[in-house]
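*Asks:* For the sequence shown, my numbering puts the final residue at 1062, and the numbers step up evenly by one. Quick one: the structure is below, questions incoming.
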Amino acid sequence: MDARNENISLLLQQYLKGELTEAQRLELDEWLNASEKNRAILEALSGNQLHAGLHEMAGIDTAQARQKIPASLFTDAVPQLVPPAQSRRMYTAWWAAAAVVLALSVTIYQLAGNKQQNKPVARQQDADSKQSVQQKGPVLTLSDGSVIALDNAGNGTLAQQGGTRVIKLANGQLAYKAGSASDTATLFNTIATPRGLQYQIVLPDGSKVWLNAASSLKYPTAFKGTREVTLTGEAYFEIAENAAMPFRVNAGAMQVQVLGTGFNVMAYDNEAAVAATLLEGKIAVNNNGERRQLKPGEQALLNKEGGMRVTQHANVSQVVAWKNNYLQFDDNELAYVMRQIERWYDVQVRYEGGVPNRKFGGKILLNSPLSDVLKALELSKVQCRLNNRTITISNN
């Protein structure tokens, strides 16, 4: 890292802490006026819009960590951040002190102005060539058991399911177009994503689903009466309003019922609870006769023993971070962090001497190379090594 970038990094750290001297303020102003990109960096930091930098809650020697960060991270060849639902002008940002800085609490952004016109439906992380996830894509299983590899399928009609056409759109998205209503058979399709990849789908009623990595969704090719789907893993839903046809998501022992809303359901087998989080609208959560109605910002948690509780002020930004192409942690235990890394990077994690009692907070961009994640873990004093896609963490 050259002296100029090092100095700007320190100035931004002082700015964020409110500890700039008058001389430092003048120097920072000069840097801001030199480029619109520089000003965009400060705006992103100040607005907490992309407040990245995964850091250990207990802190770390940031000076020592900065010396170990590759200088190449100061280039403009930065990963593309995926925007929220609407395409809009935004700046691709990166903490230059690390790609996924588990080690640093404050660092510097590098941004490149870029207007994204067509965001990809399927997203997969950029990993190092030696550590990249095998090129597996989302697969669609039809009602007769036949399987379509969506990455390899051409655009247009993929299959006819009763009176419904299954279509791959030009942007790669999967959609359903209803035909004749005379068909009485209920046919089901299942879409599944591997580790390290997400996919978007438009259901037959126009509802939109963002399917997270290592997840699957089973649904009818045409809705009749109640709209009902079954989820394994995690998905975010934007449900088309239809009061006459309630929408239900079955996720393990939990059933989520909605009329028209945006919500997230997480139902991974290796997590302690199934979680339904409401962003907007209204949903009701059912479990063995117990019914709880949620308001926006609330989260229902159903544990393995069947106990259900509602959190009134859920960390919504953390819940849906994956949909916006990053993982967010807020005082989470290391084991939880590593389960997220397992799903996205298609690795296994094992522990020697038990799980270290450590907590972390911050963000990981999902296009961060696995090698940078491991390097950041090491900077955060977590002893880890990678061998044949197994990460071993030592608790010594």
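All C-beta atoms, glycine included, are put in the ideal place defined by N, C-alpha and C.
In whole angstroms, give me the CA-to-CA distance for K948 and G803.
*Replies:* Stepping through the sequence shown from its first residue, residue 948 is reached at position 282. Stepping through the sequence shown from its first residue, residue 803 is reached at position 137. Between K948 and G803, the C-alpha separation is close to 33 Å.
*Asks:* Hey, how far is the Cα of A933 from the Cα of W697?
*Replies:* Reading the sequence shown from its first residue, position 267 is the one you call residue 933. Reading the sequence shown from its first residue, position 31 is the one you call residue 697. Whole-angstrom Cα-Cα distance: 47 Å.
*Asks:* Taking the alpha-carbon of K1029 as reference, which of A987, R1051 and N1062 has the nearest alpha-carbon?
*Replies:* Counted from its first residue, the sequence shown places residue 1029 at position 363. Closest by alpha carbon: A987.
*Asks:* For W697, which residues does DSSP report across the bridge?
*Replies:* One-based indexing of the sequence shown puts residue 697 at position 31. According to DSSP, which records beta bridges pairwise, W697 is partnered with nothing at all.
*Asks:* For a test of the three-state rule: what should DSSP assign to Y681, helix, strand or coil?
*Replies:* Taking the sequence shown and counting its residues from 1, one reaches residue 681 at position 15. Reduced to three states, the DSSP call for Y681 is helix.
*Asks:* Ignore the nearest five residues each way along the sequence and tell me which others in C1050's own chain have a CB closer than 8 Å to its CB.
*Replies:* Along the sequence shown, read from residue 1 onward, the residue named residue 1050 stands at position 384. Hits under 8 Å: L1040, L1043, E1044, I1057, T1058, I1059 and S1060.
*Asks:* Quick check on Y934: does DSSP put it in helix, strand or coil?
*Replies:* Your numbering for residue 934 matches position 268 in the sequence shown. Coil, per DSSP.
*Asks:* How would you write the range of the alpha helix (DSSP H) that L1000 sits in, first residue to last?
*Replies:* One-based indexing of the sequence shown puts residue 1000 at position 334. Looking at the DSSP string, the run of the alpha helix (DSSP H) that includes L1000 is L1000 to Y1011.
*Asks:* Could you please give me the residues that DSSP links to W876 through a beta bridge?
*Replies:* Your numbering for residue 876 matches position 210 in the sequence shown. Paired residues: Q866 and Y902.
*Asks:* Can you name, in chain order, every residue of its own chain whose Cβ lies under 7 Å from the Cβ of Q690, other than the five neighbours on each side?
*Replies:* Numbered from its first residue, the sequence shown carries residue 690 at position 24. Cβ within range, chain order: L677 and Q680.
*Asks:* Any idea what DSSP makes of K1041, helix, strand or coil?
*Replies:* One-based indexing of the sequence shown puts residue 1041 at position 375. Of the three classes helix, strand and coil, the one that applies to K1041 here is helix, per DSSP.
*Asks:* Given N1062, which residues of its chain have a CB within under 7 Å of its CB, disregarding the five upstream and five downstream residues?
*Replies:* On the sequence shown, residue 1062 is found 396 positions in, with the first residue counted as 1. The residues are G1019 and Q1049.
*Asks:* For V924, I'd like the list of residues in its chain whose CB is within less than 6 Å of its CB, leaving aside the five on either flank, ordered along the chain.
*Replies:* In the sequence shown, residue 924 corresponds to position 258, counting from 1. So the list reads I905, F913 and I949, once near-sequence residues are dropped.
*Asks:* Give the straight-line distance between the Cα atoms of F854 and N916, rounded to the nearest whole angstrom.
*Replies:* Counted from its first residue, the sequence shown places residue 854 at position 188. Counted from its first residue, the sequence shown places residue 916 at position 250. Their backbone Cα atoms lie some 15 Å apart in a straight line.
*Asks:* Chain B beta carbons: is any one of them nearer than 9 Å to that of V922?
*Replies:* Among the chains in the structure shown there is no chain B, since it carries only a single protein chain.
*Asks:* Output yes or no for whether 9 Å exceeds the beta carbon distance between A919 and N954.
*Replies:* Position 253 of the sequence shown, counting from 1, holds the residue named residue 919. Position 288 of the sequence shown, counting from 1, holds the residue named residue 954. In contact: A919 and N954 (Cβ atoms closer than 9 Å).
*Asks:* Quick check: the stretch 962–982 against the stretch 999–1018, are at least 3 beta-carbon pairs closer than 8 Å?
*Replies:* Because the criterion of three Cβ pairs below 8 Å is not met, the stretch 999–1018 and the stretch 962–982 do not touch.
*Asks:* Please state whether DSSP places N626 in a helix, a strand or coil.
*Replies:* The requested residue 626 is not part of the displayed model; the chain covers only 667 to 1062.
*Asks:* Have a look at T830, A939, V976 and G963 and flag the residue whose alpha-carbon is nearest the alpha-carbon of R957.
*Replies:* The residue labelled residue 957 in the question sits at position 291 within the sequence shown. The candidate whose alpha carbon is nearest that of R957 is V976.
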